[in-house]
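A short worksheet on the structure shown next.
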Amino acid sequence: MIVGYCVGEISLSELTFISDKMPQVGEYVTVEYDDKKVLGMVESLVRGNDALNIDLHDVGAIQTIARMGKKDYYIKGKVKLLGDVYDNLRLPRSPALPGTPINLADKEILKDVFDVKYPLRLGTLVNQSDVEVNVEANPILNRHLAILAMTGAGKSNTVSVLIDQLLGYNVPVFVFDMHGEYRDAEFPNGEVNLIRPKINPTYMTFYEVKKLVNIPNNAYIQEKHFRRGFRKAKSMVSDGTAHTNNFLQIIYDILDKSSKEEGSDKQIVDVMNKIDDAMDKYDSLFDNNIGNILTNIKVGHVNVLDLSQSDESVGEVLVSHIMRNSLKMRKNAVHNNGKDSLNHPVFYIIEEAHILAPNKRDSTSKHWIQRIAREGRKFGLGLCLVSQSPKTVDHDALSQMNNMIILRLVEPEDQRHVQSASESLSKDLINQLPSLNVGEAIVLGLMTKVPTLVKIDEFKGRRHGGDLNIIEELSNFNKAQIDEIEKQERESLDLGYDY
Ligand SMILES: Nc1ncnc2c1ncn2[C@@H]1O[C@H](COP(=O)(O)OP(=O)(O)O)[C@@H](O)[C@H]1O
Ligand SMILES: [Mg+2]
Numbered sequence: 009m010i011v012g013y014c015v016g017e018i019s020l021s022e023l024t025f026i027s028d029k030m031p032q033v034g035e036y037v038t039v040e041y042d043d044k045k046v047l048g049m050v051e052s053l054v055r056g057n058d059a060l061n062i063d064l065h066d067v068g069a070i071q072t073i074a075r076m077g078k079k080d081y082y083i084k085g086k087v088k089l090l091g092d093v094y095d096n097l098r099l100p101r102s103p104a105l106p107g108t109p110i111n112l113a114d115k116e117i118l119k120d121v122f123d124v125k126y127p128l129r130l131g132t133l134v135n136q137s138d139v140e141v142n143v144e145a146n147p148i149l150n151r152h153l154a155i156l157a158m159t160g161a162g163k164s165n166t167v168s169v170l171i172d173q174l175l176g177y178n179v180p181v182f183v184f185d186m187h188g189e190y191r192d193a194e195f196p197n198g199e200v201n202l203i204r205p206k207i208n209p210t211y212m213t214f215y216e217v218k219k220l221v222n223i224p225n226n227a228y229i230q231e232k233h234f235r236r237g238f239r240k241a242k243s244m245v246s247d248g249t250a251h252t253n254n255f256l257q258i259i260y261d262i263l264d265k266s267s268k269e270e271g272s273d274k275q276i277v278d279v280m281n282k283i284d285d286a287m288d289k290y291d292s293l294f295d296n297n298i299g300n301i302l303t304n305i306k307v308g309h310v311n312v313l314d315l316s317q318s319d320e321s322v323g324e325v326l327v328s329h330i331m332r333n334s335l336k337m338r339k340n341a342v343h344n345n346g347k348d349s350l351n352h353p354v355f356y357i358i359e360e361a362h363i364l365a366p367n368k369r370d371s372t373s374k375h376w377i378q379r380i381a382r383e384g385r386k387f388g389l390g391l392c393l394v395s396q397s398p399k400t401v402d403h404d405a406l407s408q409m410n411n412m413i414i415l416r417l418v419e420p421e422d423q424r425h426v427q428s429a430s431e432s433l434s435k436d437l438i439n440q441l442p443s444l445n446v447g448e449a450i451v452l453g454l455m456t457k458v459p460t461l462v463k464i465d466e467f468k469g470r471r472h473g474g475d476l477n478i479i480e481e482l483s484n485f486n487k488a489q490i491d492e493i494e495k496q497e498r499e500s501l502d503l504g505y506d507y
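By my numbering, the letter at position 13 of the sequence shown is numbered 21, and the numbering carries on one by one without gaps.
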């Protein structure tokens, strides 16, 4: 079906068309010329009327023309050209002629575009619910993914759909579950393996623990005392002579003892005060009796680290610890260095990425997220950053995400930040972001041959974390309260009190 004709100057990457029909933004079209069939996507549309141009200021005249010429409008649209269907979707080397007709793309062509080797089904085309959208699995696992959108636009639903598809390939997925949304989830393609947010201190480095306790880098004497305590504590944990699970308490007691024996030294007291400050914050983080957290990961499972009860700072420690260790252990595995190795890839999903990899602030978790973003692909470590505040996600990490699923996103600052991190997101596509409905997304990057407007499937399994029905809850609450008051009144009457 012809939907318009090329007009104006046509380039190799985009064209303008005029039409009397209304195609839809996001719809695919083809232009045939010089033995080519070039696929394109309608990126923007405007409607106009030559007789009613912007210079007309006479309201009476406007009313008359509008009454007479209801059908005299035109539709002008812009098409982003994506590549020649006959030539593996490579961009053509010569542009189309003005006047060339533009057709809606055949379903067969679209089915071909979304027919990939290791498909992950995300949903269907927004404009054509009978065309399913599959993306290629390997580029996501190798080259990372960002899922960005405002709250309630459907990020977690997308994550769930993606997890389930990955489970279909036995991929070990690891979710940093900030809100306890996934721990009780049920996935048709695999089971949840719950991982407790605990670290055995013997797997922590001196620098990790020093960071927790906030000993500054240039405080050499404090560092010396702390190091002594750290070493002793670690060996006590290793040989089982430690009497508590709180690693910091063990170090504290060691320093306390030595300061009593050797006479108190201001520097030791300083260190002890710092440990004291850190103890409350991290008391639940340590467990001397568990193995390396990474050896608990199960292949073909979604491994869920439940952080919903943990403080943000604990989340940060766990993220850095896990990222650092997985990089180290995957390096060992790839280089066949038998000890301490992780013998399978992992795909990490980090919700609230703006907290764990903030744009303007330095943090250890951000450092290790950046490392995985840059180096992970050599070692089979994939990363998926999820955020409702893209503008506050670290730009470096974001620009390493070679795949993006962007749902409704209204804030201009967010849009600019995302655009500057992704070369394939055009201005016209950005302009579509505010008008997406819940669950509709622009999908782009290496995982797809062409940018796509997708209606993401509604997750079929079970997951927590939709909006609460507050009105319902309060109405029950009210009723329960009234019942309670009435009950008390009855009881007090029974006791003979008189109101
Ligand atoms: N693709 C979709 N299809 C149907 N409903 C959806 C879809 N995505 C989201 N929703 C609905 O919107 C609600 C919020 O989605 P959610 O994924 O929790 O948003 P976010 O994580 O972005 O805050 C869900 O509870 C669900 O009811
Ligand atoms: Mg969410």
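Just so you know, even glycine gets a beta-carbon here, dropped at the ideal spot from N, CA and C.
message: Checking 8 Å against the spacing of the C-beta atoms, do Asn-111 and Met-9 come in under that value?
response: Judged by beta-carbon spacing, Met-9 lies within the 8 Å limit of Asn-111, meaning their Cβ atoms are closer than that value.
- prompt: Using a Cβ-Cβ cut-off of 6 Å (strictly less than) and excluding sequence neighbours within five positions of Ser-318, which residues of its own chain qualify?
  reply: Within the same chain, Ser-318 has close Cβ partners Pro-205.
query: For Thr-210, which three-state DSSP category applies?
result: Helix.
- prompt: Measuring CA to CA, which of Val-33, Leu-444, Asn-165 is closest to Ile-11?
  reply: For the sequence presented, residue 11 should be read as Val rather than Ile. With distances taken between CA atoms, Val-11 lies nearest to Val-33 out of Val-33, Leu-444, Asn-165.
Completely contained alpha helix (DSSP H) runs for the region 309–372, where each covers 4 or more residues: Every alpha helix (DSSP H) of 4 residues or more that sits fully in the region 309–372 is shown, in chain order, as 320–342, 361–364.
- request: Using 10 angstroms around the beta-carbon of Thr-372, count the other beta-carbons present and answer buried if the total reaches 16, otherwise exposed.
  value: Buried, because 16 or more other Cβ atoms sit within 10 Å of the Cβ of Thr-372.
query: Leu-415 and Ala-157 look like a contact to me (Cβ under 8 Å); what is the Cβ gap, rounded to whole Å?
result: Between the beta-carbon of Leu-415 and that of Ala-157 there is about 3 Å, and that keeps the pair under the 8 Å contact cut.
query: Do you know whose CA, among Gly-188, Phe-184, Asn-142, Ser-316, lies nearest Val-169's CA?
result: Checked all of Gly-188, Phe-184, Asn-142, Ser-316; the closest Cα to Val-169 is Asn-142.
task: Give the range of the beta strand (DSSP E) segment to which Val-307 is assigned.
output: Neither: Val-307 is in no beta strand (DSSP E) and is coded neither H nor E.
- request: State yes or no: is the C-beta of Ser-434 within less than 8 Å of the C-beta of Glu-51?
  value: For the 8 Å CB-CB criterion, Ser-434 and Glu-51 form a contact.
- prompt: Buried or exposed: where does Asp-120 fall if 16 or more other Cβ atoms within 10 Å of its Cβ makes it buried?
  reply: Asp-120 comes out exposed.
Distance between beta carbons of Gly-308 and Leu-175, contact taken as under 8 Å: 7 Å between Cβ atoms; contact.
- request: In the DSSP assignment, find the beta strand (DSSP E) that holds Phe-184 and state where it starts and stops.
  value: Start and end: 181–185.
- request: Going by CA-CA distance only, name the one from Asn-57, Arg-382, Ser-266 that's closest to Met-76.
  value: Cα-wise, what sits closest to Met-76 is Asn-57.
query: Can you tell which of Arg-151, Ala-113, Ala-74 has its C-alpha closest to the C-alpha of Leu-90?
result: When only C-alpha atoms are compared, the closest one is Ala-113.
field: heavy atom of ligand 2 below 7 Å from Ser-164 C-beta
entry: Checking every heavy atom of ligand 2 against the Cβ of Ser-164, one is found closer than 7 Å.
- request: Assign Ala-227 to one of three DSSP states: helix, strand, or coil.
  value: Of the three classes helix, strand and coil, the one that applies to Ala-227 here is coil, per DSSP.
message: Can you look up Val-37 in the DSSP assignment and give me helix, strand or coil?
response: Strand, per DSSP.
task: Report yes if the C-beta of Ile-171 is less than 7 Å from at least one heavy atom of ligand 1; otherwise report no.
output: For Ile-171, the shortest separation between its Cβ and any heavy atom of ligand 1 does not lie below 7 Å.
message: What does the Cβ neighbour count give for Phe-182, buried or exposed, with the cut at 16 atoms within 10 Å?
response: By the neighbour-count rule (16 or more Cβ atoms within 10 Å), Phe-182 is buried.
- prompt: Around the Cβ of His-362, are there at least 16 other Cβ atoms within 10 angstroms (buried) or fewer (exposed)?
  reply: His-362 should be labelled buried.
- prompt: Can you name the residues that DSSP bridges to Gly-131?
  reply: Gly-131 is bridged to Val-141, Ile-464.
query: Is Glu-51 close to chain D, meaning its C-beta is less than 8 Å from at least one C-beta of that chain?
result: Included in the structure is just one protein chain, with no chain D present.
message: Which same chain residues end up closer than 7 Å to Gly-131 when comparing Cβ atoms and leaving out the 5 residues on each side of it in sequence?
response: Scanning its chain for C-beta atoms nearer than 7 Å, with the 5 sequence neighbours on each side dropped, one finds around Gly-131 the residues Val-141, Val-462, Lys-463, Ile-464, Asp-465, in chain order.
Simplified DSSP assignment, three categories, for Asn-296: Here Asn-296 sits in coil by DSSP.
message: For the pair the region 218–227 and the region 335–346, tell me if three or more CB-CB distances fall below 8 Å.
response: Judged by Cβ distances under 8 Å, the region 218–227 makes no contact with the region 335–346, as fewer than three pairs qualify.
query: If you follow the alpha helix (DSSP H) that Thr-166 is part of, which residue opens it and which one closes it?
result: Here the alpha helix (DSSP H) through Thr-166 covers 163–175.
Pair within 8 Å by beta-carbon distance, Asp-295 and Asn-253: It is a contact, given that the beta carbons lie within the stated cut-off.
field: Strand pairing of Pro-109, partner residues [DSSP]
entry: DSSP output for Pro-109 lists Tyr-13 as bridge partner(s).
task: Would you mind working out which of Asp-502, Arg-236, Phe-255 sits nearest His-267, comparing C-alpha positions?
output: Per the sequence presented here, residue 267 reads as Ser, with His not at that position. By alpha-carbon distance to Ser-267, the top candidate from Asp-502, Arg-236, Phe-255 is Arg-236.
- request: Identify every residue that forms a DSSP beta bridge with Val-200.
  value: BP columns for Val-200 point to Val-310.
Inter-residue CB distance, Gly-447 and Gly-162 (contact presumed, cutoff 8 Å): Yes, Gly-447 and Gly-162 are in contact; Cβ-Cβ is about 4 Å, under 8 Å.
message: Quick check: the Cα distance between Val-221 and His-251, rounded to an integer number of angstroms?
response: Take the alpha-carbon of Val-221 and the one of His-251: they are about 21 Å apart.
message: Could you check if Thr-159 belongs to the surroundings of ligand 1, using beta carbon to heavy atom distance under 7 Å?
response: The answer is yes for Thr-159.
message: With a threshold of 7 Å (Cβ to nearest heavy atom), would Glu-360 be considered close to ligand 1?
response: Not so, every heavy atom of ligand 1 lies at least 7 Å from the Cβ.
message: For Ile-6, count the other beta carbons within 10 Å of its own beta carbon; 16 or more makes it buried, fewer makes it exposed. Which is it?
response: Outside the shown range of the chain, which is 9 to 507, sits residue 6, and nothing can be said about it.
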